[in-house]
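>
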Amino acid sequence: MMRITRATMLVAVAAVAFTAGCATGADRTGSSTLTLRIATIDGEVNPTGQLVGVSAFMDALEAESGGAIEVVLETGYGDGGPEAEADLVQAVVDGDVDLAWPATRAFAAAGIDGLRAVEAPLQLMSYDAQRALIEGEAPKMIAERLDEAGLESLGLLIGPLRRPFSAEGPLLEPADWDGVRFRVFNSPVQQLAVESFGGRAVVAGANWSDQLRAGGLDGAEFDIRHYQQIGLTTEAPWVAADVVLWPKVLVLSMNRAKLESLPDEQREWIESAARLAVEESMSGDYDESVATEELCENDVRFVLAGDASIDALRAEAAPVLDGLANDPDEAELLEVVLSVAERHPEVYTPTIPEGCDDPSALEPTAEQRDAALPPDGRYRVEVTADEVRNAKLSAEPGYPGTWTLDILDGTYAFRCQVLSDPDDDCGNAQLPADHVLEAGRLVANGDGVVTFVYDEEVHGRYVECPADCFRTADVIAAWHLDGDSLVFGDVDGRRPINGLLIIEPWMRIGDAEPPR
């Protein structure tokens, strides 16, 4: 049978084990064993069950070779970073990885043009549209582009449809997108599309849900079955069910020099496996209704925008299509995409359980909202240099001082009075005691967990911005009340990056002071 060796770092594997493409002995049929270095950013070969073609390819490699292929498989290439997929494309170009299946979105950032049109916003909105794309001229056109970069395109594979997931309400029409901080995946088309809708594109990788929990994002492009598979629920519980932004079409890609260096028999194993993968991909089952039902049971809501709202979003995105049409590297493929979209205008929408578009279950009462954040008030703590050392914290951030924290209507503000040394206390700021050093919004992350999110608009209510304002990192912390004291602590064993919060309890001394 085909052997699969899992690796966390291909560099380590290469240093210890073998050279890709070399003969490492004969299998039971007498053929030389071929070692292939294969990588994916997805954690598994087919984590959601929707990467039908990928699973078929891996199975067919074994069947076609009679077990004469050994795969060194890295499943977490790039550690989930936003550049991981583009880096993977480059690794295949450079020959550091033999074969991968990156999505079309990744090639532009890797310096390979001509694939962007596949993500033309709100055009390919169904799995039938993807099938039509793969049946047409697109595979040949994309293969030519990859050939120029030293890659062999072994075929296009159907991937999941990407929709807008959001935290505060469904993104159904342009007005809903205004100012929304929306995660995109290192794709220039995605960035331009989000900005055309009125949102703020934020390039983020696999940790986007952590950023959303911390209050740094308002939404993300994602797919339903993957959202369910990684265990997300109310982090971004609003799904615009009929707003398919773009598909995640995969390109089965191999280093061309490596492929051409193989004997005819070994090359045919790979090419035959790729043909079978494309066939299986085209006939695969991509239904999302089971995942939709399970997510609905966990308070995720699926709301339909309707034709008029989708048309309004398309009108906003028209400049993005114009840019592709005027780009000589992208125009030809765009014509193919638009032709497919015209022949397949339907939107694939999963079956939505009755009541799953009802927002009422997601709307907390005023009492619940108040309970999710620390209560309003003015809190104070006196921190000495000895207490900082005893807490095993560095004194470098300037933790010593008499600190005041005002919490008011979901906002916070920090002030500090020097305790002993103006050069070391109060963040080394050397400012008056009534000067607000930092201010922003408080974001509830569930019972007893809160994130301090810096906000220049809030800070500007107290001081002159931008001169006195500077962005600080978001800080997440657990909290509880102990009598009149507010006590902060670790979250899941992780200490807040602002250690000042946890040195001593913060005593309530009165009402918060509103901005002047």
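For the sequence shown, the positions run -25 to -1, 1 to 491 when mature numbering (1 follows the signal peptide of the UniProt record, and there is no 0) is used. For each residue, glycine too, the CB sits at the ideal point set by N, CA and C.
(1) One question on the structure: do V438 and V428 come within less than 8 Å of each other, judged by their Cβ atoms?
(2) In whole angstroms, what is the alpha-carbon distance linking R355 and V462?
(3) Got a sec? Which residues, its chain only, sit under 7 Å from I327 by beta carbon, not counting five neighbours each side?
(4) Below 8 Å between beta carbons: does that hold for G402 and L412?
(5) If I measure Cβ to Cβ from G5 and keep anything under 6 Å in the same chain, skipping five residues before and after, which residues do I get?
(6) Apply the 10 Å Cβ neighbour rule to V473 and answer buried if 16 or more other Cβ atoms are within range, or exposed otherwise.
(7) With a threshold of 7 Å on Cβ separation, who are the neighbours of N420 within its own chain once the five nearest residues in sequence on each side are excluded?
(8) For C331 and V275, I'd like the C-alpha separation in whole angstroms.
(9) What is the DSSP secondary structure of R353, reduced to helix, strand or coil?
(10) Just to confirm my understanding: we take A487, look at its own chain, exclude 5 residues before and 5 after, and list those with CB closer than 7 Å. What are they?
(11) Beta-carbon separation of E45 and I16 under 8 Å?
(12) Taking the alpha-carbon positions, what's the V164 to A453 distance?
(13) Could you check what DSSP says for T447 in three-state terms: helix, strand or coil?
(14) Under the three-state reduction of DSSP, which class applies to Q392: helix, strand or coil?
(15) When you compare the region 79 to 91 with the region 113 to 129, are there three or more beta-carbon pairs, one atom per stretch, that lie closer than 8 Å?
(16) Just to confirm the assignment, what range does the alpha helix (DSSP H) spanning D486 have?
(17) Tell me the start and end of each unbroken alpha helix (DSSP H) in the region 396 to 481 that is at least 4 residues and wholly inside, in chain order.
(18) Just grab the DSSP bridge partners of A128 for me.
(19) By the three-class DSSP mapping on this structure, what secondary structure does E254 have?
(20) Going by DSSP, name the residue or residues bridged to G376.
(21) Can you give the beta carbon distance from L309 to A95, rounded, assuming they're within the 8 Å contact cut?
(22) With distances taken from CA atoms, which of A404, W221, G194, F160 is nearest A179?
(23) In chain order, what residues of the same chain lie with their CB nearer than 8 Å to the CB of R106, ignoring the 5 residues before and after it?
(24) If we call anything under 8 Å between Cβ atoms a contact, is P135 one with W213?
(25) Grab me the residues of V20's own chain with a C-beta within less than 8 Å of its C-beta, minus the 5 sequence neighbours each way, in chain order.
(26) Spatial neighbours of residue 492 within its chain, please: CB distance less than 7 Å, with the 5 preceding and 5 following residues excluded, ordered by chain position.
(27) Where does A293 fall in DSSP's three states?
(28) Would E307 and M116 qualify as a contact pair, given that the criterion is a beta-carbon distance under 8 Å?
(29) Do V393 and L288 have their C-beta atoms within less than 8 Å of each other?
(30) Could you check if S162 is buried or exposed, using at least 16 other CB atoms within 10 Å of its CB as the buried criterion?
(31) Pull up the DSSP beta-bridge partners for F10, would you.
(32) Sort K223, L406, V433, A408 by Cα distance to R416 and report the nearest one.
(33) Pull up the distance between the alpha-carbon of G(-1) and that of L36, whole angstroms please.
(34) Report the three-state DSSP secondary structure of L207 (helix, strand or coil).
(35) Going by DSSP, which residues form a beta bridge with G194?
(36) With DSSP as the reference, label Y387 as helix, strand or coil.
Taking the structure as given:
(1) In this structure, the beta-carbon distance from V438 to V428 does not fall below 8 Å.
(2) Note on geometry: alpha-carbon atoms of R355 and V462 lie some 11 Å from one another.
(3) Closer than 7 Å at Cβ, skipping near neighbours: A216, T267, F277.
(4) Taking 8 Å as the Cβ cut-off, G402 and L412 qualify as a contacting pair.
(5) Residue placement at G5 is poorly supported in this model, since its pLDDT is 47, which falls under 50; the coordinates are not used for a value here.
(6) The displayed chain sequence assigns Asn, not Val, to residue 473. Of the residues assessed, N473 falls on the buried side of the cut-off, its CB having 16 or more other CB atoms within 10 angstroms.
(7) Around N420: R188, T426, I451.
(8) Here the C-alpha atom of C331 lies approximately 8 Å from the C-alpha atom of V275.
(9) Looking at R353 - three-state DSSP - the assignment turns out to be strand.
(10) These residues qualify, in order along the chain: D351, G352, R353, D381, I382, L383.
(11) Contact: no.
(12) Computed Cα separation, rounded: 38 Å.
(13) The answer is coil: DSSP assigns T447 none of H, G, I, E or B.
(14) When secondary structure is reduced to three states using DSSP, Q392 falls in the strand class.
(15) Taking a contact to require three or more Cβ pairs closer than 8 Å, the region 79 to 91 and the region 113 to 129 qualify as touching.
(16) Careful: D486 lies outside any alpha helix (DSSP H) and carries neither H nor E.
(17) For the region 396 to 481, whole alpha helix (DSSP H) runs of length 4 or above, ordered along the chain, are 431 to 434, 475 to 478.
(18) Rather than Ala, the amino acid found at residue 128 in this sequence is Ser. According to DSSP, S128 bridges with S228.
(19) Helix at E254.
(20) Its beta-bridge partners are V358.
(21) Indeed they touch by this definition, with Cβ atoms about 6 Å apart.
(22) Per the Cα distances, F160.
(23) Spatial neighbours of R106 in its own chain (CB-CB distance under 8 Å, excluding positions within 5 residues in sequence) are listed in chain order as I133, M257.
(24) No, they are not a contact pair.
(25) Taken in chain order, the residues that qualify are L26, V29, S30, M33, L48, T50.
(26) No answer is possible for residue 492: it lies beyond the span of the chain, which begins at -25 and ends at 491.
(27) Helix at A293.
(28) Result yes, Cβ atoms of E307 and M116 sit closer than 8 Å.
(29) V393 places its beta carbon 8 Å or farther from that of L288.
(30) Under this definition S162 is a buried residue.
(31) A small fix is needed here, since residue 10 is Thr in this sequence, not Phe. DSSP links T10 through a beta bridge to E45.
(32) Checking every option, the nearest Cα to that of R416 belongs to V433.
(33) Legend: pLDDT at G(-1) = 47, less than 50; position of this residue unreliable, no value from coordinates given.
(34) Under the three-state reduction of DSSP, L207 is assigned to coil, being neither helix nor strand.
(35) DSSP lists S141, F157 as partners of G194.
(36) Y387: strand per DSSP, three-state reduction.
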